[in-house]
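Protein chains: 2
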Amino acid sequence: MIQVGINGYGTIGKRVADAVRAQPDMEVVGVAKTSPNFEAEQAVKKDFPLYAAVEERIELFDEAGIDLAGEVEELVEASDVVVDTTPSGIGAQNKSMYEEYDTPALYQGGEDADLVDVSFNARSNYEEAADADHVRVVSCNTTGLSRLIAPLEDEYGVEKVRATLVRRGGDPAQSGRGPINDTLPDPITVPSHHGPDVNTIFPDLDIDTLGMKVPATLTHTHSINVELTYGADTEEVRELLKKESRLFVIPERLAIDGSGKLKEFALDSGRPRGDVWENAIWGESLTVEDDELYLFQAIHQESDVIPENVDAIRAVTESADRKESMETTDEALGVGFDL
Amino acid sequence: MIQVGINGYGTIGKRVADAVRAQPDMEVVGVAKTSPNFEAEQAVKKDFPLYAAVEERIELFDEAGIDLAGEVEELVEASDVVVDTTPSGIGAQNKSMYEEYDTPALYQGGEDADLVDVSFNARSNYEEAADADHVRVVSCNTTGLSRLIAPLEDEYGVEKVRATLVRRGGDPAQSGRGPINDTLPDPITVPSHHGPDVNTIFPDLDIDTLGMKVPATLTHTHSINVELTYGADTEEVRELLKKESRLFVIPERLAIDGSGKLKEFALDSGRPRGDVWENAIWGESLTVEDDELYLFQAIHQESDVIPENVDAIRAVTESADRKESMETTDEALGVGFDL
Numbered sequence: 001m002i003q004v005g006i007n008g009y010g011t012i013g014k015r016v017a018d019a020v021r022a023q024p025d026m027e028v029v030g031v032a033k034t035s036p037n038f039e040a041e042q043a044v045k046k047d048f049p050l051y052a053a054v055e056e057r058i059e060l061f062d063e064a065g066i067d068l069a070g071e072v073e074e075l076v077e078a079s080d081v082v083v084d085t086t087p088s089g090i091g092a093q094n095k096s097m098y099e100e101y102d103t104p105a106l107y108q109g110g111e112d113a114d115l116v117d118v119s120f121n122a123r124s125n126y127e128e129a130a131d132a133d134h135v136r137v138v139s140c141n142t143t144g145l146s147r148l149i150a151p152l153e154d155e156y157g158v159e160k161v162r163a164t165l166v167r168r169g170g171d172p173a174q175s176g177r178g179p180i181n182d183t184l185p186d187p188i189t190v191p192s193h194h195g196p197d198v199n200t201i202f203p204d205l206d207i208d209t210l211g212m213k214v215p216a217t218l219t220h221t222h223s224i225n226v227e228l229t230y231g232a233d234t235e236e237v238r239e240l241l242k243k244e245s246r247l248f249v250i251p252e253r254l255a256i257d258g259s260g261k262l263k264e265f266a267l268d269s270g271r272p273r274g275d276v277w278e279n280a281i282w283g284e285s286l287t288v289e290d291d292e293l294y295l296f297q298a299i300h301q302e303s304d305v306i307p308e309n310v311d312a313i314r315a316v317t318e319s320a321d322r323k324e325s326m327e328t329t330d331e332a333l334g335v336g337f338d339l
Numbered sequence: 001m002i003q004v005g006i007n008g009y010g011t012i013g014k015r016v017a018d019a020v021r022a023q024p025d026m027e028v029v030g031v032a033k034t035s036p037n038f039e040a041e042q043a044v045k046k047d048f049p050l051y052a053a054v055e056e057r058i059e060l061f062d063e064a065g066i067d068l069a070g071e072v073e074e075l076v077e078a079s080d081v082v083v084d085t086t087p088s089g090i091g092a093q094n095k096s097m098y099e100e101y102d103t104p105a106l107y108q109g110g111e112d113a114d115l116v117d118v119s120f121n122a123r124s125n126y127e128e129a130a131d132a133d134h135v136r137v138v139s140c141n142t143t144g145l146s147r148l149i150a151p152l153e154d155e156y157g158v159e160k161v162r163a164t165l166v167r168r169g170g171d172p173a174q175s176g177r178g179p180i181n182d183t184l185p186d187p188i189t190v191p192s193h194h195g196p197d198v199n200t201i202f203p204d205l206d207i208d209t210l211g212m213k214v215p216a217t218l219t220h221t222h223s224i225n226v227e228l229t230y231g232a233d234t235e236e237v238r239e240l241l242k243k244e245s246r247l248f249v250i251p252e253r254l255a256i257d258g259s260g261k262l263k264e265f266a267l268d269s270g271r272p273r274g275d276v277w278e279n280a281i282w283g284e285s286l287t288v289e290d291d292e293l294y295l296f297q298a299i300h301q302e303s304d305v306i307p308e309n310v311d312a313i314r315a316v317t318e319s320a321d322r323k324e325s326m327e328t329t330d331e332a333l334g335v336g337f338d339l
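Keeping their order, the protein sequence lines are chains A and B.
With the numbering used here, letter number 225 in the first sequence gets 225, and the count goes up by one each step, no holes.
With the numbering used here, letter number 53 in the second sequence gets 53, and the count goes up by one each step, no holes.
Next comes the structure, spelled out in structure tokens:
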């Protein structure tokens with residue numbers, strides 16, 4: 001069993017912990033957190049050994065009556081792999097600690113690409129993470145773009161990708177985020193960072209991305225244009241994408257018109273936390289004309305990277321090949337809606 | 001003086017009335033409204049003769065103590081041109097009335113293109129409206145796209161336009177509109193109607209448009225990609241667009257990051273109702289690379305078609321050529337920010 005430590009137990013960390021526990025070949029050694037709050041209490045309730053991420057704050061846990069299993073260094077030492085799910089920039093600060101204990105570490109998309117040996121998307125470049133010490137699981141948007149591009153690149157070749165990302169103003173729990181009643185070019189310059197980030201997965205890809213922020217919290221929504229190298233028609237591309245386990249082509253009959261109904265559908269389907277691990281592609285929008293593909297997809301920012309983190313654990317430990325890992329992850333989590 | 005009647009006195013009609021009154025060569029004969037509300041009372045306060053648009057509702061005006069100048073047929077008969085600013089679909093119902101009195105009529109973008117002799121955008125096809133009986137001033141989004149395409153087509157040629165339109169959920173006063181906290185592909189199919197609508201102005205243009213609705217009310221926001229036929233660089237295109245009176249390239253120094261600050265700027269500038277008659281193009285976003293232009297622009301849905309309605313009046317009455325009309329309209333309204 002691969003012993004996995006999780007440093008950070010917020011939006012991503014708590015999901016990674018549940019996903020790792022669900023795998024047949026992994027165990028959660030423990031999770032680390034900086035301060036006690038409702039998530040810390042739930043970690044204890046779920047019997048995840050809880051470690052203090054910052055020594056100076058140990059007494060806060062004592063005051064809150066939360067028992068600690070130890071300090072984060074002990075967690076790192078006891079782990080075969082650490083998944084760092086701390087806020088952007090903190091992962092970079094933690095790097096020397098992981099090196100000290102010689103524990104391979106996975107970072108999240110908010111860290112710089114040059115912090116790590118390899119940026120990772122399971123479908124696109126699983127093999128490159130073999131035996132790496134520092135791996136970055138790319139961000140939710142880059143994951144969503146990479147998953148879509150990979151089968152198109154394999155099957156038809158991609159001349160150019162142009163994507164407009166309508167970004168949620170914040171996660172549902174980020175109550176202080178904006179904008180309110182506004183649409184902000186964000187960033188206001190072109191391209192946004194997402195295109196170059198996709199190039200960490202597909203170095204030679206011609207891709208331009210533009211970002212805007214809007215007053216919505218449920219998902220990001222992408223407006224995608226892909227110029228294909230070889231001819232294709234709409235139905236061929238639909239069938240190709242439907243074969244990918246982490247692409248969910250929403251059937252028209254479900255009448256899911258936006259992020260709200262998509263999330264409601266995920267909750268009704270019994271998904272933990274209402275998570276949508278797949279890219280959710282609106283079937284009606286999927287259109288190919290003159291070798292140009294257009295579609296809309298929703299990206300659930302809190303959860304689409306979770307299966308990727310699980311696969312990255314197997315990739316760095318070389319404990320399974322891509323196909324085997326993705327199938328195991330998907331089976332254990334329940335990726336793919338039962339339609 | 002051209003005698004102008006305005007049928008409908010809502011979001012567009014009240015702005016057209018003010019804009020026509022501001023012109024040196026036009027007079028407002030009167031405005032017609034279906035029922036009494038705050039806008040009807042303001043029309044009377046502004047000394048616009050008020051006509052009942054529907055005979056059966058005359059008593060509602062009597063009850064509200066609002067004096068009427070007559071019924072809409074009298075207004076149509078007394079007018080050289082009627083501007084129909086009624087809700088989508090009502091203009092089509094009114095067509096026979098305008099024909100009965102042999103009064104040329106201008107309709108708004110919500111009517112079907114095949115209702116009219118010509119769809120109109122001043123910069124792009126002013127001359128085609130000469131002596132027409134039925135002219136449609138295209139919608140706010142189509143106006144915004146046409147104004148941008150016209151100079152690019154003239155100067156560089158356009159191979160293809162790809163635009164994602166992030167649409168406001170409703171006008172500020174449409175308090176019952178949604179979505180709330182959601183991003184809706186709208187329409188969910190590709191292309192949206194905007195591309196074909198631009199083809200009523202540029203019949204041979206290759207254009208694909210995608211639409212989404214978000215919980216914001218202040219403006220539409222367009223993410224634009226234009227493949228140019230002939231080479232250009234960013235600064236050349238910026239200078240070209242800055243020369244167009246109805247394109248406002250927002251200077252970086254103003255630090256206008258979204259629709260909210262744009263509207264605040266318009267209000268601070270003393271614009272009536274805070275209107276932004278121009279396409280507002282974010283200067284920082286304007287980027288040309290490999291002959292592809294990208295930019296973001298805000299389209300103020302309540303007001304960008306107002307100068308176009310005024311020009312359409314001169315176009316159908318053949319009382320001025322394009323250049324003269326646009327200059328007169330812009331001067332009388334105050335189009336162009338004093339920076």
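Ideal Cβ placement from N, Cα and C applies to all residues, glycine included.
Remember, it's a predicted structure, so these values are computed and weren't measured experimentally.
Proximity winner among the options, relative to residue i (alpha-carbon distances)
i, options, result
"proline 49/B", "Asp80/B, Tyr9/B, Ala64/B and Glu55/B", "Tyr9/B"
"serine 387/B", "Thr86/B, Phe337/B, Val226/B and Tyr101/B", "No answer is possible for residue 387/B: the residues shown for chain B start at 1 and end at 339."
"glycine 65/B", "Pro87/B, Pro36/B, Ser269/B and Tyr101/B", "Pro36/B"
"phenylalanine 248/A", "Leu339/A, Ser223/A, Ile12/A and Ser325/A", "Leu339/A"
"valine 138/B", "Glu324/B, Ala312/B and Lys213/B", "Ala312/B"
"methionine 1/A", "Thr11/A, Asn94/A, Val198/A and Ala22/A", "Ala22/A"
"asparagine 199/A", "Ala298/A, Gly5/A, Asp102/A and Ala150/A", "Ala150/A"
"glutamate 27/B", "Val310/B, Arg246/B, Ser269/B and Phe38/B", "Val310/B"
"aspartate 117/A", "Thr103/A, Ala173/A and Val135/A", "Val135/A"
"alanine 173/A", "Glu324/A, Phe38/A and Leu333/A", "Phe38/A"
"phenylalanine 296/A", "Thr189/B, Ala132/B, Gly109/B and Asp257/B", "Thr189/B"
"glutamine 3/A", "Glu292/A, Thr103/A and Asn94/A", "Thr103/A"
"glutamate 99/A", "Val76/A, Asp275/A, Val161/A and Val29/A", "Val76/A"
"histidine 194/B", "Val161/B, Asp171/B and Gly176/B", "Val161/B"
Residues of its chain near residue i, where Cβ-Cβ distance is below 8 angstroms and the 5 sequence neighbours each way are ignored
i, result
"alanine 130/A", "Ala315, Val316 and Glu318"
"proline 366/B", "No answer is possible for residue 366/B: the residues shown for chain B start at 1 and end at 339."
"glycine 283/A", "Arg238, Val249, Ile250, Pro251 and Glu252"
"glycine 334/B", "Arg271"
"proline 87/A", "Gly8, Gly10 and Gly110"
CB contact flag (residue i, residue j, <9 angstroms)
i, j, result
"proline 187/B", "aspartate 208/B", "no"
"arginine 273/A", "arginine 15/A", "yes"
"lysine 46/A", "alanine 17/A", "yes"
"glutamate 31/A", "alanine 43/A", "The sequence shown places valine at residue 31/A, rather than the glutamate named in the question. Yes, these two residues count as a Cβ contact at 9 angstroms."
"glycine 211/B", "proline 185/B", "yes"
"threonine 328/A", "lysine 263/A", "no"
"glutamate 159/B", "aspartate 206/B", "yes"
"isoleucine 406/B", "phenylalanine 120/B", "Look at the range of chain B in this structure, 1 to 339, and you will see that residue 406/B is not part of it."
"alanine 19/A", "isoleucine 224/A", "no"
"leucine 293/A", "leucine 106/A", "no"
Extent of the continuous beta strand (DSSP E) run through residue i
i, result
"valine 288/A", "287–289"
"histidine 222/A", "220–228"
"glycine 30/A", "26–33"
"aspartate 208/B", "207–214"
"aspartate 197/B", "No beta strand (DSSP E) contains aspartate 197/B, which is instead part of the alpha helix (DSSP H) from 194–198."
"arginine 162/A", "158–168"
"tyrosine 51/B", "50–52"
"glycine 5/A", "2–7"
"arginine 136/B", "134–137"
Same chain, Cβ closer than 7 angstroms to residue i, neighbours up to 5 away in sequence not counted
i, result
"aspartate 233/B", "Val288"
"phenylalanine 61/B", "Pro36, Ala52 and Leu68"
"glycine 157/B", "Leu228, Thr229 and Tyr230"
"lysine 213/B", "Arg167, Gly169, Pro179, Leu184 and Asp186"
"alanine 332/A", "Ala22, Gln23 and Pro24"
Nonlocal neighbours in the same chain, by C-beta distance under 6 angstroms from residue i, ignoring five residues either side
i, result
"alanine 298/B", "Thr219, Thr221, Ser259, Leu262 and Ala280"
"alanine 132/A", "Asp117, Val118 and Val316"
Range covered by the alpha helix (DSSP H) that runs through residue i
i, result
"leucine 254/A", "Looking at the DSSP string, leucine 254/A is not in any alpha helix (DSSP H), and its letter there is neither H nor E."
"asparagine 309/B", "306–317"
*With contact counted as at least three CB pairs below 8 angstroms, one residue from each stretch, are the region 155–168 of chain B and the region 98–114 of chain B in contact?*
no
*Is there contact between the region 80–88 of chain B and the region 54–64 of chain B, where contact requires at least three CB pairs shorter than 8 angstroms?*
no
_Cβ pair count under 8 angstroms reaching 3, the region 274–294 of chain A against the region 117–127 of chain A_ = no
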